[in-house]
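Some notes on the structure that comes next.
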Amino acid sequence: MRFNKSNCSLILLFFYCFINSFAQETTSPWPKSTNINQPWTRWWWMGSAVDKPNLKKSLVDFHKAGIGGVEITPIYGVKGEESNFIDYLSPKWLEMLDYTIHISDSLHMQVDMVLGTGWPYGGSHVTLPHAATKLIVEKYQVKKNETIDRNIKLENSKEKQPAELLYVVAHGSDGSVIDLTNQLSKNLSKPKDKGIDGKSVSIPNSLEPNKLKWKAKKTDYTLYAIFSGKTGQQVKRAAPGGSGFTLDHYSEEALNEYVVPFNNAFKGREGKIRAIFNDSYEVYGTDFTPNFFEEFQKLRGYDLKKQMPSLLSETDNEIGNRIKSDYRQTIGDLLLNKFDKPWTQWANSKNYKTKLQAHGSPGNLIDLYASADIPECETFGSMPFDIPGFRREKEDIREGDADPVMLKFSSSAAHISGKNLVSSETFTWLREHFKTALSQCKPEAEDLMLNGVNHIFLHGSTYSPERAAWPGWKFYASVNFNSNNSIWEDAPALFSYIANCQSLLQQGKSDNEILLYWPIFDTWDKYQKGTLFFQFKIHSLSEWLYETSFYDTTKSLIKKGYGVDFISDNFIAQAKVVNGKVSLPGGTFKSLVVPECKKMPLATLQKLLELKKAGANIIFEGLPESVPGFNEYQKQEQELKTLLTANTELVKPTTDIFTTLENAQIYPETLVNTGLKFIRRNVDGEKIYYVVNHTPKTIDEFIPIQIGNKEVVIFDPLNRNYGNAIVKKDANTTLVKIKIEPGQSYFLKTENTVSQKKWNYFEPTAAAIPLKGNWKIAFDKGGPKLPPVATISNLESWTKLGPEAEAFSGSATYTLQFDNPNTKTEAWSLNLGDVRESAKVWLNDQFIGTAWSVPYNLNIGKLKAGKNTLKVQVTNLSANRIRDKELKGEEWKIFYEINMVDKDYKKFDATKWSPMPSGLLGPVTLTPLKPKN
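Going by the numbering used here, the sequence shown opens with residue 64, and the numbers climb by one from there.
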């Protein structure tokens, strides 16, 4: 053949097409998996009674199952193991930490840890001056011309810790205020007392240092004695060497003292720990720090001592509420600026990240979450889902607190501050002990990821040495993901699903387009039963979140199909306008919505108007009536009203937020009209959609996505299948053909040209065919002992086979031979029906996959002609085995502290349980399929 330019071009073109085609078939578009994609687990060290062989075994178990990292939390110990306890931060403990890091490194895992034991921060090295503090006030009535002559001290005998008298202030009935602090005997100079040099010295009265002698000359007075008291709270669930007072969380001085032992312990270990963790704010009743009044005056601009009657007023009145609001805001400011931010700076100085659960804090959750490198939310209890076959037995659950709006506080903080990872404490009290199935974990994890979480932490795994009898060591409020729990057999399938999802959810940036202002002052400004210490807890959403305009607007925007992030006053202050969008450290947003609110700081309104005048889309649903706080509030309120009047058109409230948004060419994702949930990310201009079907119906149609003229790759995170979807395009939207059953999820990724093989669409060609015959059941592994082999013709719970099977928890293999119903069918769908609880499937000795979540379907491909052999290895829960153990009187609850409680925090008693259905309940069916492309 004679070669010329034309021939060469044809050959090169052919070669390129061949290579490109080959690449499409062999190169997976899934991101390369890393340990950050994988789920991590909180790892409880009971009594820190750990040793190197068992540490290694546990870490290898985690690695093989697909866990990417551990978060070490030392807690209370096990009775009988006292000789093995290791004191926290002792040389032996640090040796175990080093070994954990070494083995983790060798397995390509990472390690986080708590800065203390149990929770909250505190311990044996916390001195009383730096322990959690509370405000205590004693009142004394002094009539005109009467004299008070007494030692000012606490009269309340319930106070177990000494309190320091800081101030005594007299408030007259005529409105006058007199500071009597300098007239206490400890502050009075006594010229008659001479030092060695003959000069006067002040010698306080050591017997009565707070003696006050003072006459009320002008009017009647109420004297307020202001004490700095101590809550006395101890660290909860502390480990050996970690007991002690809870730390003052409003004092940088206290924090600096607290980290001293860690500065010493971490020398030479800088950068070897990935992150330092701080659990949910459970520092109770702490509304004060010793220099609170000085900090208050700096931040709020007035002397709080002069407003004590209003601060402590027991009626719902405007002035009192304004001063209480200032007080609550100051607590939040101190927590943020004197504790959380310095804590992150300290950790970063040692090349560690920080991971913070801000919920429960008495401050602005958005700012607090954003102060950490990795904001972390949590789920607690069980949420309802409409997925057919999804089990949620009332007797085994506690109602959950994972409200999507609450979850978005942590992810919003990450999105607006530029933090890529959002973690979650996941599955806390998901079900009663030993009763959580993998299938029940999946939709809970999906709801987290749909609301911005992309770094799931299991709650959790208890270190348990091989010497510990089954069920091993166990923490009181966890699912317990370790090899002692029977669900560990198929847990790698759950972990793989989470890792696949997070590998895509960690790509690019969040693509929410709307910011929603959180008017926190509407909560702070309420009477709130007079408390100065108001916590924003996940367990009391009715006190601060539900039935607010903020909550209602969030829900309506999400329901309509908009992606929403929340913004605080502090972040509004940082905002700029770039190309008509609101620009923040974490990215840009097309609109900022202000829900109806009563109170807004003047500076916030001024900034909103500045942004609007610079071209930002600021939408008001209502206008503030006043400013928060007490200092010069009337003057500021008038300025606010003047500002609103002068900018009437700019701040005109919308009567229809959706029309206003669409007029600004900000459009919702109408795929939500199908019932699908979604979250969207932006990767270099392309979009990634995570879509989940939690409805009771299969969605089989073209769904719209709000980006025009795109090809779309479908990713199945359950099995890592992928392919280019059938699409219909126009300038503004792309319609994507999708079939998604209840309980299923997919990722959709846009691209300009087709890059992958075609996605396989299948449709049934006939009704499902029941698989009948004699099923052989062989019990493979588990306990307390393996029941004998059985053969059944009708599928039912294996607990009905006899006492040994009723007590058994573990895995059993079901084997059935059946004839090919139709040799012309190229693909079959196997539906296992009711599975208790997870199943590995083999067809003709070829592994097909694991069915562990609703729907329990697997595409098994083509059957061979004639006889086929189906093997299904089913693993049940550990509930029946623990029930049997307790019925036999075998004690296993041998832990200190809380020991073991049930989901309602009552005594755990499995003898009251009925046996849980176990095994393959069916019906098992085959459905013939044909490609629909």
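Every residue gets a Cβ at the ideal spot worked out from N, C-alpha and C, and that includes glycine.
Because the structure is a prediction, the values reported are computed rather than measured.
- prompt: Taking Cβ positions, are L217 and V232 nearer each other than 8 Å?
  reply: no
field: Buried versus exposed, by CB contacts within 10 Å (16 or more), G423
entry: Label assigned to G423: buried.
task: Could you check if L76 is buried or exposed, using at least 16 other CB atoms within 10 Å of its CB as the buried criterion?
output: Annotation note: pLDDT 45 at L76 (below 50); position unreliable, no value reported.
- prompt: Mind checking G982: buried by the 16 CB within 10 Å criterion, or exposed?
  reply: buried
- prompt: Going by Cα to Cα distance, which pick from A128, N996 and D588 is closest to L557?
  reply: Checking every option, the nearest Cα to that of L557 belongs to A128.
message: Could you tell me the alpha carbon to alpha carbon distance between I138 and T180, rounded to whole angstroms?
response: Roughly 6 Å between the two C-alpha positions.
- prompt: Over what stretch of residues does the alpha helix (DSSP H) that includes S612 continue unbroken?
  reply: S612 to K623
query: Between the region 753-768 and the region 788-805, do at least 3 Cβ pairs fall closer than 8 Å?
result: yes
message: Which complete beta strand (DSSP E) runs does the region 671-720 hold, if anything under 3 residues is left out?
response: 681-683
task: May I have a chain-ordered list of the alpha helix (DSSP H) segments no shorter than 4 residues that lie completely inside the region 488-520?
output: Scanning the region 488-520 for uninterrupted alpha helix (DSSP H) segments of 4 residues or longer gives 501-513, listed from N- to C-terminal end.
query: Going by C-alpha distance, which of N787, Y415 and I339 is nearest Y184?
result: If we check each option's Cα against that of Y184, I339 comes out closest.
- request: State the DSSP-derived secondary structure class of D843, mapped to helix, strand or coil.
  value: strand
query: Under 8 Å between the Cβ atoms of T974 and R944?
result: Result no, Cβ atoms of T974 and R944 do not sit closer than 8 Å.
- prompt: Of all the options K249, S291 and F290, which has the alpha carbon lying nearest to the alpha carbon of K1003?
  reply: The question about residue 1003 has no answer here: the residues shown for the chain are numbered 64 through 996.
field: Cutoff 7 Å; reference V641; Cβ partners in own chain excluding five residues on either side
entry: Here the set comprises T651.
field: Closer than 7 Å: D396 CB and nearest the ligand ADP heavy atom
entry: Of ligands this structure carries none, so the ligand ADP is not represented either.
message: Counting C-beta neighbours from all protein chains within 10 Å, is the total for H602 16 or more, i.e. buried, or is it exposed?
response: exposed
query: Do the region 768-782 and the region 716-727 make contact, defined as three or more Cβ pairs closer than 8 Å?
result: no
task: Thinking K197 and T294 are a contact (beta carbons under 8 Å), I'd like their distance in whole angstroms, please.
output: 5 Å
message: By DSSP's criteria, K293 is part of a beta bridge. Which residues make up the other side?
response: Beta-bridge partners of K293 (DSSP): T196.
query: How about L674 and L578: are their beta carbons less than 8 Å apart?
result: no
task: Give me the Cα-Cα distance between N341 and K418, rounded to the nearest whole angstrom.
output: 6 Å
query: Using 8 Å as the threshold, is the region 928-939 in touch with the region 868-882, meaning 3 or more CB pairs across them?
result: yes
- prompt: Near E88, what residues of its chain come up, given a Cβ to Cβ distance below 6 Å and the 5 sequence neighbours on each side ignored?
  reply: Note that E88 scores a pLDDT of 47, beneath 50, so its modelled location is shaky; the value from the coordinates is reported in the next line. Hits under 6 Å: none found.
Residues bridged to A638 (per DSSP): DSSP lists no partner for A638.
field: Classification of R213 by the beta-carbon crowding that lies within 10 angstroms, buried from 16 upward
entry: exposed
- prompt: Going by the CB atoms, is the gap between Y151 and K115 shorter than 8 Å?
  reply: Contact flag unset, no.
field: Of the residues E684, P918, P851 and G571, the one placed nearest G748, counting alpha carbons only
entry: Here the closest residue by C-alpha is G571.
- request: Using three-state DSSP, classify G395 as helix, strand or coil.
  value: helix
Beta-carbon proximity of P980 to E869, cut-off 8 Å: When the beta-carbon positions are compared, P980 and E869 stay at least 8 Å from each other.
task: Within the same chain, show all residues whose beta-carbon is closer than 8 Å to that of L739, passing over the 5 residues directly before and after it, in chain order.
output: V754, V755, N756, T758, I762, I766 and I803
- request: Could you check the C-alpha separation between N70 and Y809 for me, to the nearest Å?
  value: Any reading at N70 must be qualified, since the residue scores a pLDDT of 48, below 50, and its modelled position is unreliable; no value is offered.
query: When the distance is taken between beta carbons, is V133 closer than 8 Å to F125?
result: yes
- prompt: Do you know how far the Cα of M469 is from the Cα of S941?
  reply: 32 Å
message: Would S582 and M512 be called neighbours here (beta carbons separated by less than 8 Å)?
response: The sequence given here has Pro at residue 582, not Ser. Contact: no.
field: At least 3 beta-carbon pairs within less than 8 Å: the region 475-494 vs the region 776-795
entry: no
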